[in-house]
Amino acid sequence: MKTLNVAIIGYKFMGKAHSNAWLQAARFFDLGVKLNLKLACGRDEAAVQKFADNWGWEEIETDWRKVVSRDDIDVVDISLPQHLHYEVALEAAKQGKHIFCEKPMCFTVEQALEMLAAAEKSGIVHYLNHNYRRTPAVQLARQLIDQQKVGKIFHWRCAYQQDWIVDPDFPLTWHLQKETAHAGPQWDLNSHSVDLARFLVGEIQSVTCLTSNFITRRPLAGAGAATFSSGTANSEEMGEVTVEDAALMMVQFEQGAIGSFEATRFATGCKNHLTFEIYGSKGSMRFNLERMNELEFYSLEDDGENQGFRTIMVTEHSHPYISHWWPPGHIIGYEHGFVHAVADFISAIHTGTKIEPNFEDGLKCITVLDAGLQSAASGSQVKLTH
Ligand code: SOE
114 MKTLNVAIIG YKFMGKAHSN AWLQAARFFD LGVKLNLKLA CGRDEAAVQK FADNWGWEEI
174 ETDWRKVVSR DDIDVVDISL PQHLHYEVAL EAAKQGKHIF CEKPMCFTVE QALEMLAAAE
234 KSGIVHYLNH NYRRTPAVQL ARQLIDQQKV GKIFHWRCAY QQDWIVDPDF PLTWHLQKET
294 AHAGPQWDLN SHSVDLARFL VGEIQSVTCL TSNFITRRPL AGAGAATFSS GTANSEEMGE
354 VTVEDAALMM VQFEQGAIGS FEATRFATGC KNHLTFEIYG SKGSMRFNLE RMNELEFYSL
414 EDDGENQGFR TIMVTEHSHP YISHWWPPGH IIGYEHGFVH AVADFISAIH TGTKIEPNFE
474 DGLKCITVLD AGLQSAASGS QVKLTH
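Heads up, the sequence shown is in my numbering, so the first residue is 114 and it goes up one at a time.
Here's what the structure looks like:
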C-alpha cells in the first residue's frame with residue numbers, strides 16, 4: 114500500500130485540529146493509502162517538539178522552506194495564520210506538494226490568482242479547509258436543494274457570531290492586526306459564510322457592506338495570548354486595533370436570490386454561533402453550528418395542516434459521512450468535519466480527482482470578501498467581475 118508522508122506547518126489551534134484529523138481519518142475511513150505523520154514545523158523548536166511528541170509527528174523542523182523542498186514529503190498542511198499562506202503555498206506548489214491549506218486563503222485577489230495558477234501548473238491536489246462544508250447537516254442541506262425540495266431560493270440569511278474579544282482587556286493578538294489578519298471578521302468569519310453560500314445558493318454578483326470598530330486600542334499581547342484565549346501578563350502598553358470588529362454584508366446572487374452576512378466577535382453570549390437560513394419556493398431550511406447535528410426543514414409538500422419546521426437529527430447512516438461513525442443519535446462534533454476533509458482530500462489524491470473547496474473556490478471567496486471591504490470603504494455597492 115502506498116504511503117503518503119504528511120508535513121504540517123503550524124501547531125496551534127488548527128495544528129491541533131488537523132493533527133487529530135490526520136490520525137483519525139485512517140481509523141474511520143478506508144483511505145487506500147497509508148498516512149505517515151512525517152514532520153511538524155514551527156519557529157519555536159521546544160514548542161513544536163512538544164506538539165510533535167503529543168500527536169506522533171516523526172520529526173520537527175523550524176524552517177518551512179526546508180520542509181516544502183524535501184523529496185520525502187508528499188503533502189503540506191498549512192495550519193498557519195493567513196499572512197503566511199501565500200508564500201508557503203506558492204513554494205509548496207512549485208515543489209509539487211499536494212496542499213491542505215487553512216482558510217482564509219490569503220490576503221488579496223492577486224495572491225489568490227497566483228496560488229491557483231501555481232497549483233494548477235504543478236497538477237497538485239489543492240484544498241482550502243472550509244471545514245463546515247463537511248458537516249453532515251450542511252451536506253444534507255445541499256442534497257435537499259439538489260433534490261428541489263426547497264425550490265427556487267429567494268433568501269440567504271447568515272450570521273457568524275462570536276464574543277471572544279468583547280472584553281476590552283483582551284490583548285492585541287494577530288487576529289486584530291491588519292498585517293497578520295488582513296481584516297477582522299470579514300475575512301476570518303465571512304470567509305466561512307461566503308463559502309457556504311456559494312456551496313448552497315451559488316455565485317455572488319454584487320456586494321454592499323459596512324464595517325464597524327467598537328474597541329480601537331488594546332493591551333499588547335503577553336504570553337499565551339491566542340485565539341479565544343487572552344493569555345496572561347498582557348502588557349500595560351496599548352496598541353491600535355487595525356481591522357474591523359464587525360461586518361454586515363448584503364449580496365445579490367447570480368441566480369436571483371438576495372443574501373445577508375453578519376460577522377462579529379462582539380455578539381455577547383455567542384461562542385461559535387454560525388447560523389444560516391434558506392427560504393425557497395417549495396421549502397426552507399435553518400442550520401445552527403452550535404446544534405450541528407440538526408437541520409430544520411420546512412416543506413410545502415407536507416399536508417397543509419401538518420406543515421411546520423421539523424428538526425432532522427442528521428445522524429442516520431444514510432446521512433453524509435455518518436456511516437463511518439456511530440449509531441443513530443450518537444452525535445458527532447466540531448472535529449469530525451476536519452476528519453471528513455482529510456478523508457476526501459486523500460481520496461482526491463488517490464483517485465487523481467479534484468476536491469472542493471479548492472484554490473479556485475478560494476479565489477471566488479476572496480473576491481467577494483475584498484469587494485465587501487471596498488464597499489465598506491466607499492459606501493457604495495461593488496459589482497463583481499469573475
Ligand atoms: C476564530 O474566529 C476561529 O478560530 C476561526 O479562525 C475559525 O475559522 C473558526 O472555525 C472558529 O473561530
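Beta carbons: idealized from backbone N, C-alpha and C, even for Gly. Remember, it's a predicted structure, so these values are computed and weren't measured experimentally.
Looking only at its own chain, which residues have a Cβ that is under 6 Å from the Cβ of residue i, when we skip the five neighbours before and after it?
i, result
"Gly145", "His463"
"Leu476", "Ala225, Leu229"
"Ser412", "Gly396"
"Thr286", "Ala334, Ala338"
"Thr355", "Gln290, Lys291"
"Cys271", "Ser306, Phe374, Phe389"
"Gln195", "Pro217"
"His430", "Ser436"
"Gly352", "Leu285, Leu333"
"His295", "Phe220"
"Ala232", "Ala206, His239, Phe472"
"Asp457", "Ile468"
"Asp185", "Asn118"
Regarding residue i and ligand 2, is the C-beta to nearest heavy atom distance less than 6 Å?
i, result
"Asp301", "Judged by which ligands are present, ligand 2 is missing from the structure shown, whose ligands are ligand 1."
Measuring from the CB of residue i, is there a heavy atom of ligand 1 at a distance below 6 Å?
i, result
"Thr464", "no"
"Thr321", "no"
"Thr480", "no"
"Thr340", "yes"
Under 7 Å, do residue i and residue j count as touching if we go by C-beta distance?
i, j, result
"Leu302", "Ala225", "no"
"Glu390", "Arg399", "yes"
"Ile237", "Cys214", "no"
"Asn167", "Thr116", "no"
"Glu448", "Thr424", "no"
"Val455", "Ala138", "yes"
"Leu309", "Asn471", "no"
"Thr324", "Ala360", "yes"
"Glu357", "Gly421", "no"
"Ile212", "His239", "yes"
"Glu172", "Cys154", "no"
"Lys163", "Asn118", "no"
"Gln274", "His386", "yes"
"Val161", "Tyr124", "yes"
"Val481", "Ser488", "no"
"Asp276", "Cys383", "yes"
Output the boundary residues of the alpha helix (DSSP H) element that contains residue i.
i, result
"Gly393", "Looking at the DSSP string, Gly393 is not in any alpha helix (DSSP H); the run it does join, the beta strand (DSSP E), is 386-393."
"Met127", "126-141"
"Glu292", "291-294"
"Phe458", "449-464"
"Ile258", "249-259"
"Gly352", "From DSSP, Gly352 is part of no alpha helix (DSSP H) but of the beta strand (DSSP E) over 351-353."
"Phe472", "472-491"
Which residue marks the beginning of the beta strand (DSSP E) containing residue i, and which one marks its end?
i, result
"Trp269", "266-274"
"Asp190", "188-191"
"Asn167", "Asn167 -> not in any beta strand (DSSP E); alpha helix (DSSP H) instead, spanning 158-168."
"Gly396", "396-401"
"Gly372", "371-377"
"Asn118", "116-122"
"His239", "239-242"
"Ile317", "317-325"
"Thr424", "423-426"
"Ser174", "Sequence check: residue 174 is Glu here, not Ser. Its beta strand (DSSP E) spans residues 172-174."
"Pro332", "330-332"
"Tyr411", "407-412"
"His364", "Sequence check: residue 364 is Val here, not His. Val364 -> beta strand (DSSP E) spans 359-366."
"Asn303", "Segment 303-313 is the alpha helix (DSSP H) holding Asn303; no beta strand (DSSP E) there."
"His211", "211-215"
"Cys154", "147-154"
Excluding the 5 residues preceding and the 5 following residue i in the sequence, name in chain order all residues of the same chain whose CB lies nearer than 7 Å to its CB.
i, result
"His131", "Ile121, Asp190, Ser192, Phe451"
"His432", "Pro249, Leu253"
"Cys219", "Gln195, His198, Tyr199, Ala225, Met228, Ile479"
"Met127", "Ser192, Glu215"
"Arg255", "Phe312, Leu313"
"Ile328", "Pro281, Val354, Asp358"
"Asn326", "Val354, Glu357, Asp358"
"Ala202", "Ile191, Ile212, Cys214, Met228"
"Thr498", "none"
"Ala159", "none"
Can you list, in chain order, the residues of its chain whose CB lies under 8 Å from that of residue i, leaving out five sequence neighbours each side?
i, result
"Ile371", "Phe267, His268, Trp269, Met363, Val364, Gln365"
"Ser114", "Sequence inspection shows Met at residue 114; the Ser mentioned does not correspond to that position. Correct list, in chain order: Gly145, Val146, Lys147."
"Trp439", "Thr428, Ile445"
"Asp280", "Ser343"
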